[in-house]
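Notes follow once the structure below has been shown.
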Amino acid sequence: MRRNDLQGVGRPIPSNTLVDKVYRRLEEMIVTLELEPGALLSESELGKRLGVSRTPVGAALQRLAREGLVNILPRRGIVVTDVDVGQQLRVLEIRREISRFVARVGAERARAEQRAAMRAVAEEFQRAVRENSQEVLVSADKDFHNLLAACTHNPFACDAMDPLDSLARRFWFAHQSDRSDFAATAMFHSRIALAIAGEDPAAAEEASDAFSDYLEHFARGTIDFP
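Take a look at the structure:
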C-alpha cells in the first residue's frame, strides 16, 4: 500500500473547516520549531503567512493556547511557549497511560483496511531511517496518529492524547541531536504500528511502554546535557 492509499482509512475528520486547517498547520509549525519557542507572533502576520484572514487564525490560536503551545498576551501578541523538561516529564506521566490504552484498543478494534494501512505506515517509518529523512518521518507520524485515532473508534481517547502528543513531539524536536535519536523514535513507532497491524494488543501495549520509557530517558538526559 502506497502512502497515497492511506487516504480515507485514517481518522474521520468531521470538520475540515478553514479553522481546522489553520490549526493543523500552526501546530505543525510550532511542534517542528518552524515557529521557535519564545517567538512573538501576531494574528495578522500569521494570516499573511498562511494566506488567510485573521478570524480563523485567532480561533486556531485559542485552541493552541488551551493545549499549552502558545500564550495569548492582551495588547502584546502571541508568544510560543518555552520547551521545559519539567513540563515534559509531567506530560509523559499521563501520556504513558493514555498511549498504552490507545495502542491496546487500537490493536483490538482496528478494521482490516486500517491494519493494512498501519503496515504501510510502519514501512514509511523504516524508510525514514534508511533515507535519514525528517520529512518522511514527519509525514509518517501524521499518518500514524490519524490511523491510531481511527483504530480506537473512541474520539474521547484521541482528544485526550492529541495535546499531549503535540507537547511531547515538540520537546523531542527541540532536543534530538543525532541520527540515533531520529532512528529510535521512528523504529518505536514502527513497532507499535506493526503490533496493531498484527492484532496483538499485548505487543502493542509493550511497544507503547517501551516508547514511553525511551521518551522519559530522553527527557531526563537533557537535564545533564542541555
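Just so you know, the sequence shown maps onto residues 1052 to 1277 in the numbering used here.
From the three backbone atoms N, C-alpha and C, an ideal C-beta is built for every residue, glycine too.
Values in this document were obtained by computation on a predicted structure and should not be read as measured data.
Proximal residues to residue i (C-beta, below 8 Å), its chain only, five neighbours per side dropped
| i | result |
| --- | --- |
| L1115 | Y1074, L1077, E1078, I1081, V1121 |
| Q1113 | I1123 |
Identity of the residue in the options nearest residue i by Cα
| i | options | result |
| --- | --- | --- |
| A1161 | T1068, T1273, P1252, Y1265 | P1252 |
| L1218 | L1188, R1242, A1234, R1141 | R1141 |
| A1173 | A1110, A1248, S1093 | A1248 |
| A1154 | A1163, G1102, S1104, M1169 | M1169 |
| V1136 | E1257, F1152, W1223 | W1223 |
| E1087 | R1127, A1208, V1131 | V1131 |
| H1226 | G1272, P1125, N1205, D1192 | G1272 |
| G1089 | L1215, I1129, Q1165, R1242 | I1129 |
| N1228 | A1167, C1209, D1192, Q1185 | A small fix is needed here, since residue 1228 is Ser in this sequence, not Asn. Of the candidates A1167, C1209, D1192, Q1185, the one whose C-alpha sits nearest the C-alpha of S1228 is Q1185. |
| T1268 | S1093, E1257, E1144 | Here residue 1268 turns out to be His, not Thr, going by the sequence shown. Closest option to H1268, Cα to Cα, is E1144. |
| E1250 | G1098, A1167, R1100 | A1167 |
| R1126 | F1152, R1100, R1146, S1093 | S1093 |
Buried or exposed (CB count within 10 angstroms, at least 16 for buried), residue i
| i | result |
| --- | --- |
| T1231 | Reading off the sequence shown, one finds Ser at residue 1231, where the question assumed Thr. Result: exposed. |
| P1277 | Confidence at P1277 is low in this model, with a pLDDT of 47, below 50, so its placement is unreliable and no value can be given for it. |
| P1107 | buried |
| S1095 | exposed |
| D1133 | exposed |
| L1215 | buried |
| E1182 | exposed |
| D1056 | Legend: pLDDT at D1056 = 48, less than 50; position of this residue unreliable, value from coordinates given subsequently. Exposed is the call here. |
| S1066 | Its pLDDT being 48, under 50, S1066 is placed unreliably by the model, and the measurement read from it follows with that caveat. Result: exposed. |
| F1207 | exposed |
| L1091 | exposed |
| I1064 | Its pLDDT being 39, under 50, I1064 is placed unreliably in this model, and the value from its coordinates should be taken loosely. Per the 10 Å Cβ criterion, exposed. |
In DSSP terms, what residue i is bridged to
| i | result |
| --- | --- |
| G1128 | L1124 |
| L1014 | In the structure as shown, the chain starts at 1052 and stops at 1277, and residue 1014 therefore has no counterpart that could be examined. |
Cutoff 7 Å; reference residue i; Cβ partners in own chain excluding five residues on either side
| i | result |
| --- | --- |
| R1178 | V1187 |
| G1157 | L1199, C1202, T1203, I1247, A1255 |
| F1195 | V1172, H1240, A1244 |
| V1189 | T1083 |
| E1118 | P1214, S1217 |
| G1098 | S1104, R1105, V1108 |
Own chain residues within Cβ distance below 6 Å of residue i, not counting five before or after
| i | result |
| --- | --- |
| R1062 | In this prediction, R1062 has a pLDDT of 45, which is less than 50 and means its spatial position is unreliable; nothing more can be read from the coordinates. |
| A1111 | V1070, V1073, Y1074, L1077 |
| V1180 | A1234, A1237 |
| Q1139 | F1222, A1270 |
| I1149 | A1211, M1212 |
| G1102 | none |
| F1312 | Because the chain spans 1052 through 1277 in this model, residue 1312 falls outside it and cannot be assessed. |
Check your understanding: Quick check: the segment 1260–1268 against the segment 1231–1246, are there 3 or more CB pairs under 8 Å?
Key -> yes
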